[in-house]
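J.:
Protein chains: 2
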Amino acid sequence: MISLSDIRSAATVIAPHVVRTPLLPFGSCWLKPESLQPIGAFKLRGALNALARLENRSRGVVAYSSGNHAQAVAYAARLHGVPAAIVMPSNTPAVKIEATRALGAEVFIVGITERVERAEALVAERGAALIPPFDHPDVIAGQGTIGLEILEDLPSVDAVVVPMSGGGLISGVATAVKALRPDVRVIGAEPALAADVADSLRAGELVRWDPVDRARTVADALRDEPSTLTWEHISKLVDDVITVTEDEILAAVADLARRARLVAEPSGAVSVAAQAKLGSGVAIVSGGNVDPALLARVLGA
Amino acid sequence: MISLSDIRSAATVIAPHVVRTPLLPFGSCWLKPESLQPIGAFKLRGALNALARLENRSRGVVAYSSGNHAQAVAYAARLHGVPAAIVMPSNTPAVKIEATRALGAEVFIVGITERVERAEALVAERGAALIPPFDHPDVIAGQGTIGLEILEDLPSVDAVVVPMSGGGLISGVATAVKALRPDVRVIGAEPALAADVADSLRAGELVRWDPVDRARTVADALRDEPSTLTWEHISKLVDDVITVTEDEILAAVADLARRARLVAEPSGAVSVAAQAKLGSGVAIVSGGNVDPALLARVLGA
Chain A
3 MISLSDIRSA ATVIAPHVVR TPLLPFGSCW LKPESLQPIG AFKLRGALNA
53 LARLENRSRG VVAYSSGNHA QAVAYAARLH GVPAAIVMPS NTPAVKIEAT
103 RALGAEVFIV GITERVERAE ALVAERGAAL IPPFDHPDVI AGQGTIGLEI
153 LEDLPSVDAV VVPMSGGGLI SGVATAVKAL RPDVRVIGAE PALAADVADS
203 LRAGELVRWD PVDRARTVAD ALRDEPSTLT WEHISKLVDD VITVTEDEIL
253 AAVADLARRA RLVAEPSGAV SVAAQAKLGS GVAIVSGGNV DPALLARVLG
303 A
Chain B
3 MISLSDIRSA ATVIAPHVVR TPLLPFGSCW LKPESLQPIG AFKLRGALNA
53 LARLENRSRG VVAYSSGNHA QAVAYAARLH GVPAAIVMPS NTPAVKIEAT
103 RALGAEVFIV GITERVERAE ALVAERGAAL IPPFDHPDVI AGQGTIGLEI
153 LEDLPSVDAV VVPMSGGGLI SGVATAVKAL RPDVRVIGAE PALAADVADS
203 LRAGELVRWD PVDRARTVAD ALRDEPSTLT WEHISKLVDD VITVTEDEIL
253 AAVADLARRA RLVAEPSGAV SVAAQAKLGS GVAIVSGGNV DPALLARVLG
303 A
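Protein sequences, first through last, are from chains A and B. The numbers in my numbering rise by one with no breaks, and the one at position 137 of the first sequence is 139. The numbers in my numbering rise by one with no breaks, and the one at position 221 of the second sequence is 223.
Right, dumping it as structure tokens:
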């Protein structure tokens with residue numbers, strides 16, 4: 003498991019390249035808008051930390067991702083002047099594919115189940131280094147810097163609500179929060195259509211859902227499942243999970259635009275939908291790369 | 003004219019109640035998203051400073067405003083536990099009227115040319131204190147705190163681009179910027195349909211446009227004109243004005259949602275439309291209270 007000191011080191015490494023996002027008041031609650039990072043998502047933190055710590059990156063980096071991690075690795079690679087090859091599933095929103103190409107990365111589109119295999123093949127062919135989306139201590143430590151910032155800005159915080167999928171974000175945030183303030187609750191937020199972690203915490207062991215089932219939710223960045231590493235963090239450190247419906251997710255996207263003036267993607271608003279049921283705490287708005295047509299539709303409704 | 007020390011005092015007074023907005027990278031430029039303030043606009047800064055400095059506020063406060071100043075005064079009054087009466091013109095977007103009422107203020111809707119008269123009548127009837135939208139040193143000093151923050155966060159800044167109407171925001175920002183860094187250019191941004199300040203700077207004196215003409219622009223918060231006080235600041239401190247078309251304003255609203263994940267109102271995006279012509283600098287995104295239907299329309303286009 004990663005430690006508080008890993009997260010503190012990551013904070014120093016990434017500080018020059020990330021936005022120090024503010025906490026925004028939101029009714030009786032607070033928002034941490036990671037949607038305001040340069041690539042529109044928290045993923046930049048983990049990717050920057052992992053890439054900075056790679057010993058051999060001269061032959062480039064490879065990543066597989068449904069979108070935001072792709073842009074994060076592409077952005078970090080460009081910053082460090084190394085080539086990036088990104089494998090993306092064919093159901094990725096066009097806006098995320100375009101944004102990744104615009105950052106100078108080479109993009110490979112594959113079927114949703116073939117991502118890892120293709121990425122590993124690219125690593126073997128090129129001698130490049132793989133930066134996984136969540137299953138790596140340096141990636142988790144980078145995401146954990148968000149927890150440090152929340153505690154620093156709001157010492158009176160009672161709960162942190164975190165979108166959950168592969169579990170990299172909540173593993174890092176929970177490590178930081180529980181190390182410094184074990185009394186603060188760390189709550190995962192999941193779409194009911196991809197609630198494998200809620201099931202797992204109830205069962206006391208990692209319960210796997212069929213990837214095709216997990217792919218039903220509009221929250222396209224939350225279709226992954228934890229790894230052994232992230233499950234270890236989640237099972238030890240997460241207090242509870244709140245699941246939300248597709249309608250609640252889209253209502254949260256509309257609410258964020260109207261009341262907080264934030265553009266959030268459905269995956270980034272899942273925590274806000276869960277926070278609405280809790281009535282307090284800081285919700286991490288993890289990303290803002292929504293399809294403009296979807297945002298227009300929820301605003302027009 | 004106000005001084006740097008007025009602005010520094012204001013910064014101390016308002017700090018506990020405003021969001022310390024970050025600078026966001028935006029291509030080769032930067033954004034200062036004041037749309038993230040609790041009421042969705044920079045106006046909170048000036049209203050909080052003015053209200054905190056009022057000697058007699060026990061009988062409440064009165065304001066006239068096309069929207070954002072209304073919400074700012076209502077919010078500041080609620081914070082200090084005093085009643086607020088707000089006079090709003092009949093062409094104010096519904097979203098702003100509702101938001102003002104939701105903050106506990108009493109709202110009076112009048113014709114666009116009757117605002118000041120009605121506000122003054124309320125002051126006389128109630129013994130309340132008027133907080134003008136821009137024509138007051140304490141209001142200007144509050145808005146100037148944005149200038150301090152920009153210089154602190156980006157010492158290498160070359161230009162600051164500011165939406166301009168009554169001139170409170172640019173007067174405060176220009177005072178802070180020119181006092182500390184006379185080499186940094188301060189550039190006003192105006193809709194071409196309400197370009198009275200551009201005309202005035204060319205003429206070397208305050209040129210007045212018919213209010214009906216100024217009311218044509220979609221940038222509904224930029225339909226005012228400078229007072230003697232703000233014109234004095236503008237004429238001495240502002241380097242240049244860039245005017246933008248209605249199409250350019252709406253394109254900037256769409257661009258901010260897509261590329262910066264910010265919900266901006268047309269008035270708040272005027273600076274970004276101007277910045278696009280300049281290619282550098284910090285644009286102050288002054289507000290985010292856009293009609294959701296308008297945002298949906300520009301995103302769907």
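All residues carry an ideal CB built from backbone N, CA and C; glycine is no exception.
Below 8 Å between beta carbons: does that hold for Gly290 of chain B and Arg22 of chain A?
T.: For Gly290 of chain B and Arg22 of chain A, no; Cβs fall outside 8 Å.
J.: Taking CB distances under 8 Å as the criterion, tell me whether Ala196 of chain A reaches chain B.
T.: By this cut-off, Ala196 of chain A is not an interface position.
J.: Three-state secondary structure (DSSP) at Val304 of chain B?
T.: Nothing in the structure corresponds to residue 304 of chain B, since chain B is present only between 3 and 303.
J.: Less than 8 Å between CB atoms is the rule here; does Leu6 of chain A satisfy it with respect to chain B?
T.: No, because no Cβ of chain B sits closer than 8 Å to the Cβ of Leu6 of chain A.
J.: From what residue to what residue does the alpha helix (DSSP H) around Glu154 of chain B run?
T.: Element bounds for Glu154 of chain B: 139-155.
J.: Rounded C-beta distance between Ala74 of chain A and Ile41 of chain A? I'm assuming under 8 Å.
T.: Contact holds; Cβ gap of about 5 Å.
J.: In this structure, what does DSSP give as the bridge partners for Ala131 of chain A?
T.: DSSP, once it has assigned bridges, lists A:Val63 as partnering Ala131 of chain A.
J.: Under 8 Å: do the stretch 72-88 of chain A and the stretch 170-185 of chain A share three or more Cβ pairs, one atom per stretch?
T.: Touching, no, given that fewer than three Cβ pairs across the two stretches are closer than 8 Å.
J.: If you count every other CB in all the chains shown that lies within 10 Å of the CB of Glu119 of chain B, and 16 or more means buried, which is it?
T.: Burial call: exposed.
J.: Would you tell me roughly how many angstroms separate the C-alpha atoms of Val89 of chain A and Glu116 of chain A, rounded to the nearest one?
T.: If I take the Cα positions, the gap works out to 9 Å.
J.: Does any C-beta atom of chain B lie closer than 8 Å to the C-beta of Leu26 of chain A?
T.: It does; some Cβ of chain B falls within 8 Å.
J.: Identify, in the order they occur along the chain, each residue of the same chain with its Cβ nearer than 8 Å to the Cβ of Ile251 of chain B, setting aside the five sequence neighbours on each side.
T.: Pro193, Thr219, Val220, Ala221, Pro268, Ala271, Val272, Ala275.
J.: For Ser37 of chain A, decide whether its Cβ has a neighbour in chain B, counting only Cβ atoms nearer than 8 Å.
T.: By this cut-off, Ser37 of chain A is an interface position.
J.: Using a Cβ-Cβ distance cut-off of 8 Å, determine whether Pro40 of chain B contacts chain A.
T.: Yes, contact with chain A.
J.: Please classify Asp185 of chain B: is it buried, with 16 or more other beta-carbons within 10 angstroms of its beta-carbon, or exposed?
T.: Asp185 of chain B is exposed by the Cβ-count criterion.
J.: Write down the C-beta distance between Gly146 of chain A and Ile4 of chain A rounded to the nearest angstrom, noting that I regard them as a contact closer than 8 Å.
T.: Confirmed, about 7 Å.
J.: Please give me, in chain order, every unbroken run of the alpha helix (DSSP H) with length at least 4 that falls completely inside the stretch 38-83 of chain B.
T.: Taking only runs of at least 4 residues, the alpha helix (DSSP H) segments lying wholly in the stretch 38-83 of chain B are 45-55, 70-82.
J.: How close, in whole Å, do the beta carbons of Ala285 of chain B and Leu26 of chain B come, if the pair is a contact with beta carbons under 8 Å?
T.: With 8 Å as the limit, Ala285 of chain B and Leu26 of chain B do not qualify as a contact, their Cβ atoms being about 10 Å apart.
J.: Report all residues from its chain with a CB closer than 6 Å to the CB of Gly106 of chain B; omit the five preceding and five following residues, and keep chain order.
T.: So the qualifying residues of the chain are Arg80.
J.: So if DSSP puts Glu248 of chain B in a beta bridge, which residue, or which two residues, is it bridged to?
T.: Its beta-bridge partners do not exist; DSSP assigns none.
J.: Run through the DSSP bridge pairs and tell me what Ala161 of chain B is partnered with.
T.: Paired residues: B:Arg187.
J.: Express the C-alpha separation of Gly144 of chain A and Val292 of chain A in angstroms, rounding to a whole number.
T.: One C-alpha to the other measures close to 23 Å.
J.: Under 7 Å Cβ-Cβ, which residues of chain A neighbour Thr23 of chain B?
T.: Residues of chain A passing the Cβ test: Pro24.
J.: Using a Cβ cut-off of 8 Å, which residues of the stretch 267-283 of chain A contact any Cβ in chain B, in chain order?
T.: Hits within the stretch: zero.
J.: Taking 8 Å as the threshold, find out whether the stretch 53-72 of chain A comes into contact with the stretch 121-130 of chain A through three or more Cβ pairs.
T.: Taking 8 Å as the limit for Cβ pairs, the verdict is that the stretch 121-130 of chain A does touch the stretch 53-72 of chain A.
J.: Contact criterion: CB-CB distance below 8 Å. Does Arg183 of chain A meet it with respect to chain B?
T.: Taking Cβ atoms only, chain B never reaches closer than 8 Å to Arg183 of chain A, which makes this a no.
J.: Note down the Cα distance separating Gly29 of chain B from Val159 of chain B, rounded to an integer number of angstroms.
T.: Their backbone Cα atoms lie some 14 Å apart in a straight line.
J.: Out of A:Val188, A:Phe136, A:Gly302, which has the shortest C-alpha to C-alpha gap to Ala49 of chain A?
T.: Of the listed residues, the one whose Cα sits closest to Ala49 of chain A is A:Phe136.
J.: Looking at chain A, is there any beta carbon in it that lies within less than 8 Å of the beta carbon of Ala104 of chain B?
T.: Not an interface residue.
J.: Buried or exposed: Thr14 of chain A, going by 16 or more other Cβ atoms within 10 Å of its Cβ?
T.: It is exposed - the Cβ of Thr14 of chain A has fewer than 16 other Cβ atoms within 10 Å.
J.: Within 8 Å (strictly less), CB to CB, does Leu46 of chain B reach chain A?
T.: Chain A contact via Cβ: absent.
J.: Would Arg260 of chain B count as contacting chain A if we go by Cβ distances under 8 Å?
T.: Closer than 8 Å to some Cβ of chain A, the Cβ of Arg260 of chain B qualifies, so yes.
J.: Whose Cβ in chain B lies nearer than 9 Å to the Cβ of Val265 of chain A?
T.: The contacting residues are Leu258, Ala259, Arg260, Ala262, Arg263, Leu264, Val265.
J.: Rounded to whole angstroms, what's the CA-CA distance from Asp198 of chain A to Glu234 of chain A? Just pull it up for me.
T.: Straight-line Cα distance between these residues: approximately 15 Å.
J.: Based on the DSSP secondary-structure assignment, which residues constitute the bridge partners of Val89 of chain A?
T.: Per DSSP, A:Tyr66, A:Phe110.
J.: Check whether the Cβ atoms of Ser167 of chain B and Arg260 of chain B sit closer than 8 Å, and answer yes or no.
T.: Cβ atoms of Ser167 of chain B and Arg260 of chain B: not closer than 8 Å.
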